[in-house]
Amino acid sequence: MKPCVVDAGHKPVQKLFVRNGTDIYQCPDCGCLMADIDFNKAQYEDNTYYTMSLISKEEIENKWALRWRYVLSRIVSIIRSSGSSSLTLLDVGAGNGYFVSLAAGEYGFTAKGLGISSEEIQFARDVIGVQLIREDVTDHQGNYDVVTCFNVIEHVVDPQLFLAALVDRVKPGGILVLSTPNTICLRARIRGLKKWERIDPPHHINLFPGKALRALVKRHDLEEESYETLSTYITIVNTRNLILRRFFFHFLKLFNLGADHFLIVRKKT
Ligand SMILES: [Zn+2]
Numbered sequence: 075m076k077p078c079v080v081d082a083g084h085k086p087v088q089k090l091f092v093r094n095g096t097d098i099y100q101c102p103d104c105g106c107l108m109a110d111i112d113f114n115k116a117q118y119e120d121n122t123y124y125t126m127s128l129i130s131k132e133e134i135e136n137k138w139a140l141r142w143r144y145v146l147s148r149i150v151s152i153i154r155s156s157g158s159s160s161l162t163l164l165d166v167g168a169g170n171g172y173f174v175s176l177a178a179g180e181y182g183f184t185a186k187g188l189g190i191s192s193e194e195i196q197f198a199r200d201v202i203g204v205q206l207i208r209e210d211v212t213d214h215q216g217n218y219d220v221v222t223c224f225n226v227i228e229h230v231v232d233p234q235l236f237l238a239a240l241v242d243r244v245k246p247g248g249i250l251v252l253s254t255p256n257t258i259c260l261r262a263r264i265r266g267l268k269k270w271e272r273i274d275p276p277h278h279i280n281l282f283p284g285k286a287l288r289a290l291v292k293r294h295d296l297e298e299e300s301y302e303t304l305s306t307y308i309t310i311v312n313t314r315n316l317i318l319r320r321f322f323f324h325f326l327k328l329f330n331l332g333a334d335h336f337l338i339v340r341k342k343t
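Numbers 75 to 343, taken from our numbering, label the letters of the sequence shown in order.
And the structure:
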C-alpha cells in the first residue's frame, strides 16, 4: 500500500479490514481511510448511480433542496462579506446538475458545471434543464470567483493532485467549497467503521476525518473561511417531515456530526 494520501510523511498506513474485496487502510497520524484500488471511470456511466436514481425534479428537490440552499446561502454571505460583486461559479463533478440550476436560478451566479459521465449530462439536460460540460477539471480553462466540488474528492486516487487542479480554477481571492463524507459523523460512530456504508469501494477511495481534510488543504495556498458539517437527510429517522429534517440538519451541524464535511477556503491573493 502507498503512503498516506494526505501527507506521505505520515507513519505507515495500517490495514483495517476488507470491504467489497478491497483492502481498507488507515493512517495512524491523520485518520484518513484509504481503499487499495484504482479509479474506474466507467462505473459513473451507470444510470443506476445515485445522482440519477431519483427520476423527477420534484424528487430531487425534496431530497436535496434543504442542503443546497443552505450551502448557497453560506457561499453568498462569504462572497458578499469580501465585497466582491462578480459572481462566477464552477461546480466540478456537477452530478445531476441540480446545484448548478439553483445557483444560477435562485442565487444570481453565472454558473457552469463539469461532469465526466455522458449519462449524467443527458440526465441534467433532460430532467433539470441544465447543460453541463463534459470535461475533466484538469482540461478545463478559466478562473472563477467560486469553485465548488461536492462529494468528489473521495472518489479520486490522488486528492492532492485533484485539489491542486481545483485551486488552479479559483481566481486569487476567490473561494473553494468542498464537501466529502465525514468519517466521524453520527452514523459512522453508531455503526462503527466496519458497518459504515460510505466505505464502498470501488466508489469511494479516500475518506477523511475533519482533521485530515484540513491538513490536506493546508498544503495549498488556501485560508480557511468556514468549517461545518452537513446532512442531506437522516436515514435513521427516514422522514419526509421538513420541520423534523431541518431540526436534525441543524442539530447534527451544531456538534459537527453531520454526514459530510462542508469546508470553505479562500485562495490567497
Ligand atoms: Zn495521514
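Built from N, CA and C at the ideal position, the CB exists for glycine as well.
Task: Own chain residues within Cβ distance below 7 Å of residue 114, not counting five before or after - done: Around residue 114, the same chain offers 276 as residues with beta carbons nearer than 7 Å, after the five sequence neighbours per side are excluded.
Task: Backbone CA spacing between residue 82 and residue 226 [nearest angstrom] - done: Here the alpha carbons of residue 226 and residue 82 stand approximately 21 Å from one another.
TODO: Please say whether residue 280 and residue 107 have beta carbons closer to each other than 8 Å?
DONE: Yes, the Cβ-Cβ distance between residue 107 and residue 280 is below 8 Å.
TODO: Mark residue 170 as exposed unless 16 or more other C-beta atoms lie within 10 angstroms of its C-beta, in which case mark it buried.
DONE: With 16 or more Cβ atoms within 10 Å of its Cβ, residue 170 is classed as buried.
TODO: Within 10 angstroms of the Cβ of residue 253, are there 16 or more other Cβ atoms? Answer buried if so, exposed if not.
DONE: Under this definition residue 253 is a buried residue.
Task: Length at least 3, wholly inside the segment 133-177: the beta strand (DSSP E) runs in chain order - done: Listed in chain order, the complete beta strand (DSSP E) runs (minimum 3 residues) inside the segment 133-177 are 162-166.
Task: Proximal residues to residue 296 (C-beta, below 8 Å), its chain only, five neighbours per side dropped - done: If you ignore the 5 residues before and after residue 296, its C-beta comes within less than 8 Å of the C-beta of 241, 250, 339, 340, 341 and 342, all in its own chain and listed in chain order.
- [ ] Going by CA-CA distance only, name the one from 84, 289, 223 and 164 that's closest to residue 101.
- [x] Taking the Cα of residue 101 as reference, the smallest distance to any Cα among 84, 289, 223 and 164 is reached at 84.
Open item on the list: Any heavy atom of ligand 1 inside 7 Å of the beta-carbon of residue 286?
Closed with: Distances taken from the Cβ of residue 286 to the heavy atoms of ligand 1 include one shorter than 7 Å.
Task: Integer Cβ distance of residue 206 from residue 189, believed to fall under 8 Å - done: Taking the Cβ atoms as the reference, residue 206 lies roughly 5 Å from residue 189, within the contact range of under 8 Å.
- [ ] For the segment 213-222 and the segment 231-238, state whether three or more C-beta atom pairs, one from each stretch, are separated by less than 8 Å.
- [x] No, because fewer than three Cβ pairs between the segment 213-222 and the segment 231-238 fall closer than 8 Å, the two stretches do not touch.
TODO: Give the DSSP bridge partners of residue 223, in chain order.
DONE: DSSP, once it has assigned bridges, lists 252 as partnering residue 223.
Open item on the list: Once the 5 residues before and after residue 238 are set aside, which same chain residues still bring their CB inside 8 Å of it?
Closed with: These residues qualify, in order along the chain: 294.
Task: Exposure of residue 116, with buried meaning 16 or more beta-carbon neighbours within 10 Å - done: Counting the other CB atoms within 10 Å of its CB gives residue 116 a total below 16, which places it among the exposed residues.
- [ ] Label residue 308 either buried or exposed according to how many other C-beta atoms from any shown protein chain fall within 10 Å of its C-beta, with 16 as the threshold for buried.
- [x] Because the pLDDT of residue 308 is 49, which lies under 50, any placement of that residue in the model is unreliable, and the question is left without a value.
Open item on the list: Using the Cβ count rule (16 or more neighbours within 10 Å means buried), how would you classify residue 184?
Closed with: Under this definition residue 184 is an exposed residue.
TODO: Following the continuous alpha helix (DSSP H) through residue 242, name the residue where it begins and the one where it ends.
DONE: From DSSP, the alpha helix (DSSP H) with residue 242 extends over 233-242.
Open item on the list: By DSSP's criteria, residue 97 is part of a beta bridge. Which residues make up the other side?
Closed with: Beta-bridge pairing links residue 97 to 92.
Task: Validate contact between the segment 197-205 and the segment 136-146 using beta carbons, cut 8 Å, 3 pairs - done: Contact check between the segment 197-205 and the segment 136-146: fewer than three CB pairs, one atom from each, fall below 8 Å, which does not count as touching.
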